[in-house]
């Protein structure tokens with residue numbers, strides 16, 4: 002991703018953008034899924050706790066997973082989510098889906114191939130593809146072989162709106178929802 006952005010002169014734009022902190026992460030090929038699962042099994046209910054946070058007991062110490070901890074890890078900014086931003090987008094004639102994918106919603110594997118090839122007719126394509134990969138695969142946790150959400154492909158067409166969107170609020174809500182869903186489904 003870094004090489005593709007640098008090749009088309011968009012690395013600085015990305016480094017100044019909304020997902021800048023993720024560009025500096027080391028490339029790890031492992032995921033501590035089992036470790037996360039073990040931590041989830043240590044969840045405790047706190048009557049005084051906020052419903053938008055989770056608490057875990059590790060060695061007789063209660064540890065909070067809330068907005069502050071999420072911010073410290075991601076560096077993303079919180080804000081108010083406007084429902085009109087996430088809904089109501091339509092295909093853009095001559096947009097990303099047209100130019101790169103023949104109007105089909107791409108998989109993350111396809112996006113990485115496009116970034117590796119680095120043949121972009123416009124420099125902002127590298128930024129948009131990088132944003133889609135980070136948003137879907139890393140932050141929303143969609144599997145590598147699955148497709149990018151169509152709304153994201155349309156949303157990324159307007160980079161100004163995309164970069165100003167309060168991604169931390171949206172992703173944090175999704176994260177807590179799916180962690181709780183995982184635990185509820187597991188306990189049944």
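Numbering (this note's numbering), first residue to last: 2 to 189. For each residue, glycine too, the CB sits at the ideal point set by N, CA and C. Just so it is clear, the structure is predicted and the values come from calculations on it, not from any experiment.
- Residue 107 has its alpha-carbon roughly 5 Å from the corresponding atom of residue 148.
- The segment 69 to 82 makes no contact with the segment 110 to 117, as fewer than three CB pairs between them are under 8 Å.
- For residue 175, the CB contacts under 7 Å within the same chain, skipping 5 residues up- and downstream, are 141 in chain order.
- Distance from the Cα of residue 150 is smallest, within the candidate group 159, 172, 137, for 137.
- Taking all protein chains shown into account, residue 154 has 16 or more neighbouring C-beta atoms within 10 Å of its C-beta and is therefore buried.
- Under the DSSP definition of a beta bridge, residue 108 partners with 148.
- By the beta-carbon neighbour count (other beta carbons within 10 angstroms, threshold 16), residue 101 is buried.
- In summary, residue 183 is exposed, with fewer than 16 beta-carbon neighbours lying within 10 Å of its beta-carbon over all protein chains present.
- Nearest to residue 99 by alpha-carbon distance, out of 11, 126, 77, is 126.
- For residue 132 against residue 20, the beta-carbon gap comes to about 6 Å, under 8 Å, which counts as contact.
- Within the model, the alpha-carbon separation for residue 63 versus residue 146 is close to 37 Å.
- When secondary structure is reduced to three states using DSSP, residue 66 falls in the strand class.
- Residue range 55 to 59 is occupied by the beta strand (DSSP E) that includes residue 59, with no alpha helix (DSSP H) assigned at that position.
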